[in-house]
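Right, one structure below, let's go through it.
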Amino acid sequence: MFTRRRFTLGAGAAGVSSLGLPHLALAQAEAIKIGWLAALTGASSAPAIGFNRGVLFAADAINSAGGVKGRKIEIITRDTQGDPTKAVNATQEMISSLKVHAVWGPTNSGESLAVTPIMARAKMPNIHPCVVDGLIDPAKFPNAFRISPSNTQWDDAVRGYCLKILKATKIAVIGDTTGYGVAAANASAAGLKKDGAQVVYQANIEATQPDMMPDMLRARNAGADAIVVWSTSTGMDARLFNTRAAMGWDVPFVGHPSMSSGDVAKLVDKPDNWKKVYAVGYRSCSYDDSGKLPARSQELIDKLKGKVELSDTLLWWVAAGVDAVNLIAQAVEKTGSTSAAGIIDHWNSIKQHPGYFGDYTYSPTEHNGYPADGVVMSDASSARNGTFKLAPGYKA
Amino acid sequence: MFASILASGLAVGAIYALIGVTYNTMFSASRVMSFTAGQLGMLGGVFGSLFALRVGLPLIVALLLTLLVCALVGLVTELVAVRPVLKSLEQHLYVLSTLGLALMVQQSTAILWSTEPQPFPRIFAVGAGGLWDEKFWLPLLACGATIVGLELLYRHTLVGRAFVAIAEDNFVARALGLPERNLRMASYALAGVIGGLAGFSGGALMLAFVANGHLLNFYGFIPVALGGLGNNRGSIVGGFVLGIFQQAATFMVGGIFASVAVFALFIVALLAAPQGLFGAPATRRV
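Here the protein sequences line up with chains A and B, keeping their order. First residue of the first sequence: 185, per our numbering; consecutive thereafter. First residue of the second sequence: 11, per our numbering; consecutive thereafter.
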């Protein structure tokens with residue numbers, strides 16, 4: 185008998201079938217929206233431009249292969265111009281209006297310091313390449329994961345190279361006068377002393393100081409057998425190298441990646457002034473004495489050939505951009521959903537995920553996922569298509 | 011060590027002195043402290059590098075074009091940031107207008123040029139790396155040439171005497187029929203040339219770097235305050251004293267404390283002689 189109750193149930197079922205199932209299908213086909221906070225213009229835009237090439241390449245590769253379980257990747261980019269205020273506005277837009285499923289970036293620590301608490305409040309899955317240690321804290325920011333090394337990991341690599349490979353015991357530590365330069369130089373000096381080295385000279389220099397002779401003379405008179413430099417200023421780096429040459433001193437410089445920037449090449453008086461300079465680099469993006477890269481990096485370069493320009497950027501920026509998109513896509517694939525909790529839970533369970541930039545391992549209590557042994561020193565003047573030669577003393 | 015202090019101290023001092031003269035040249039014609047002086051120095055380095063290295067022009071052409079562009083920036087300063095506020099000098103609106111223009115110049119340079127220091131060409135390629143490197147003596151040469159040029163201009167030409175007249179009393183000068191507005195514009199163009207020369211001659215030492223703008227604004231102002239506002243001789247002596255003291259402090263106590271030492275000296279000097287070491291005490295007619 186066709187009762188009213190049955191009609192109601194039938195109508196309800198019809199309603200579910202007419203509204204619910206297409207809705208379900210719609211959700212299945214909905215794009216995976218990745219918010220990309222990129223400082224693509226303005227000061228310090230070089231890293232984001234490199235990351236962006238990797239991001240677009242990875243999204244295109246996934247979409248060309250049919251997407252993630254049929255869902256396309258949609259990259260929603262906002263140019264933050266390196267300005268924390270713009271990064272905050274873009275983050276709010278991504279959370280409230282655009283309703284992205286995960287955020288990759290920002291690409292510098294100043295912006296990240298401003299937006300990390302906002303994303304934590306919204307429980308937005310966030311992965312970024314910023315080095316400041318305080319940005320990763322699974323208790324305060326359970327949604328935030330780091331894809332690159334932390335500043336402490338850089339410092340460990342520099343200290344390890346000075347003490348174990350160069351066998352230096354008397355070290356001068358020089359930073360610039362920015363907040364970063366002062367904090368990094370202090371942490372570096374403390375770490376060196378803790379490991380038994382003698383910090384014979386420590387100074388913070390204005391990046392615009394025209395003459396580096398005073399500090400270099402003081403370092404030499406103090407007996408330094410290596411100089412550790414923590415500065416993002418390529419001008420200061422080049423002046424230090426030129427002054428070393430003018431003094432006829434062959435002390436090695438070890439430190440910040442800016443020392444391997446292409447800008448330094450234009451500022452040194454002679455190419456030889458850039459020798460014996462070892463900057464933080466990555467094993468995955470370093471070639472050995474025979475010019476060979478690790479197999480996985482070579483595979484990436486082969487894939488990028490003809491599609492992504494590498495001559496004016498760094499391979500690690502491109503590789504990290506590819507890995508970031510892949511990590512988000514993989515989380516959606518494994519969990520079958522784009523829920524924030526699902527993505528975060530999946531990342532917390534990752535062990536030795538083989539990315540191009542490194543093998544990442546995260547847990548609920550550790551969101552610094554980059555392997556410590558992946559950070560090495562590079563020969564600063566050996567750039568070749570975004571890769572560098574391993575500094576002397578490492579085994580390939 | 012002493013030779014190093016002297017070489018770099020005199021070179022940096024010469025650049026500070028020239029920026030001080032730039033401040034004074036603008037001040038004399040308008041009674042305005044224009045905070046674009048340091049930016050003119052920065053632009054001297056940037057345009058020098060642009061014309062000589064990027065465009066590849068001969069150095070003498072690059073120098074002349076650099077000075078021309080800086081003179082134009084000086085004129086724009088007068089038109090945009092000084093002339094509109096001249097009627098209300100006592101409200102010190104020029105602080106805002108010239109600082110605003112200086113910031114615009116700085117930001118535009120950062121966007122259009124680079125935020126990183128860029129190389130500056132070697133002009134004579136003499137004494138590379140040593141104490142006789144041109145980066146040390148070229149600013150001295152430029153400073154000497156400027157002193158001689160200004161002396162000749164102010165003492166031996168009619169236009170120069172007119173400059174001095176409006177610097178002394180622009181109301182009387184105007185009453186005597188001197189074209190005060192044109193002379194003021196010429197003064198700002200001249201200031202642009204002096205600032206540009208400071209940056210060009212100091213390019214090898216300071217590089218073509220956008221951050222030099224605010225550095226020169228600060229350190230170029232100290233000789234003006236030490237030497238007495240509007241007093242070029244005071245600025246030049248003040249610039250050299252500052253340069254040598256700063257370099258000595260850098261050698262003795264390190265770079266970060268050298269700035270503290272410089273400003274301590276500055277404050278002590280102003281406490282001892284508020285009108286500046288070479289300035290006359292201000293008098294007020296009652």
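Note that beta-carbon positions come from the ideal geometry of N, C-alpha and C, so glycine has one too.
| Item | Value |
| --- | --- |
| For A:P441, I'd like the list of residues in its chain whose CB is within less than 6 Å of its CB, leaving aside the five on either flank, ordered along the chain. | A463, V464 |
| Determine which residues of the stretch 116-141 of chain B have a Cβ less than 8 Å from any Cβ of chain A, and write them out in chain order. | A120, I121, T125, E126, P127, Q128, P129, A138, G139, G140 |
| Cβ atoms of A:W288 and A:I218: under 8 Å apart, would you say? | yes |
| Using a Cβ-Cβ distance under 8 Å, would B:A27 count as near chain A? | no |
| A:L193 to A:A213, Cα distance in whole Å? | Model confidence at A:L193 stands at a pLDDT of 46, short of 50, so the residue's coordinates are unreliable; what they give is reported in the following sentence. Roughly 29 Å between the two C-alpha positions. |
| Find the residues of chain A that neighbour B:F219, judging by a C-beta separation of less than 8 Å, and give them in chain order. | T392, G419 |
| According to DSSP, which residues form a beta bridge with B:P94? | Answer by DSSP bridge pairing: none, since B:P94 is not bridged. |
| Using a Cβ-Cβ distance under 8 Å, would A:P398 count as near chain B? | yes |
| For A:K487, which three-state DSSP category applies? | helix |
| In or out: A:P301 buried (at least 16 other Cβ within 10 Å) or exposed? | exposed |
| Using only CA atoms, which one of B:T108, B:F219, B:A135, B:A120 lies nearest to A:G419? | B:F219 |
| Determine which residues of the stretch 241-270 of chain B have a Cβ less than 8 Å from any Cβ of chain A, and write them out in chain order. | Q257, T260, F261, G264, G265, I266, S269 |
| Judging by CA-CA distance, which residue of A:T275, A:P326, A:R330 is the nearest neighbour of A:P548? | A:P326 |
| Run down chain B in chain order and give the residues with a C-beta less than 7 Å from the C-beta of A:D267. | In chain order: nothing, as chain B lies at least about 12 Å away. |
| For A:N292, collect the residues of the same chain with a Cβ closer than 7 Å to its Cβ; drop the 5 residues on either side in sequence, then sort them by chain order. | A223, S228, G266, C314 |
| What does B:A50 touch in chain A if you count any residue whose Cβ is under 7 Å from its own? | The amino acid at residue 50 of chain B is misidentified as Ala; the sequence shows Leu. Neighbours of B:L50 on chain A: none; closest Cβ ~17 Å, over 7 Å. |
| Where does A:P206 fall in DSSP's three states? | Residue placement at A:P206 cannot be trusted, given a pLDDT of 45 that sits under 50; the coordinates are not used to answer. |
| Decide if the stretch 27-45 of chain B is in contact with the stretch 535-552 of chain A; the criterion is three or more beta carbon pairs, one per stretch, under 8 Å apart. | no |
| Mapping DSSP to helix, strand and coil, what is A:M185? | Annotation note: pLDDT 38 at A:M185 (below 50); position unreliable, no value reported. |
| Check each residue of the stretch 211-235 of chain B: if its Cβ is closer than 7 Å to any Cβ of chain A, include it; give the result in chain order. | L215, M216, L217, F219, A221, N222, L225 |
| Out of A:Y554, A:F241, A:I216, point me to the one whose CA is closest to A:V502's CA. | A:F241 |
| Of all the CB atoms in chain B, is at least one closer than 8 Å to the CB of A:D171? | Here chain A has residues from 185 to 580 only, and residue 171 of chain A is not among them. |
| Under 8 Å by Cβ, that's how I've got A:T392 and B:A221 pegged, so tell me the actual separation to the nearest angstrom. | 5 Å |
| In the DSSP assignment, what are the bridge partners of A:M561? | A:V464 |
| Which parts of the stretch 169-256 of chain B are runs of the alpha helix (DSSP H), unbroken and 4 residues or longer, counting only runs that do not cross its ends? | 180-185, 190-211, 213-216, 222-237 |
| How long is the line joining the alpha carbons of B:V251 and B:V182, rounded to whole angstroms? | 36 Å |
| For the stretch 237-274 of chain A, which segments carrying the beta strand (DSSP E) assignment without a break, of at least 3 residues, lie completely within its bounds, in sequence order? | 257-263 |
| Return the residue from the list B:F12, B:P127, B:Q49, B:H166 that minimises the CA-CA distance to B:F228. | B:Q49 |
| Compare the C-alpha of B:L82 against each of B:V115, B:G66, B:Q101 and name the closest. | B:V115 |
| Is A:G387 near A:I358, with beta carbons less than 8 Å apart? | Strictly speaking, residue 387 of chain A in this sequence is Ala, with Gly absent from that position. Result yes, Cβ atoms of A:A387 and A:I358 sit closer than 8 Å. |
| Cβ closer than 7 Å: which chain A residues qualify as neighbours of B:A44? | Looking at the sequence provided, one finds Ser at residue 44 of chain B rather than Ala. In chain order: nothing, as chain A lies at least about 21 Å away. |
| A:N457 to A:A429, Cα distance in whole Å? | 6 Å |
| Quick check: the stretch 105-115 of chain B against the stretch 75-93 of chain B, are there 3 or more CB pairs under 8 Å? | yes |
| Looking only at its own chain, which residues have a Cβ that is under 7 Å from the Cβ of B:M195, when we skip the five neighbours before and after it? | L85, E88 |
| Evaluate the contact criterion for the stretch 152-159 of chain B versus the stretch 254-274 of chain A: three or more CB pairs, one atom per stretch, below 8 Å. | no |
| Is there a Cβ from chain B that is less than 8 Å from the Cβ of A:T291? | no |
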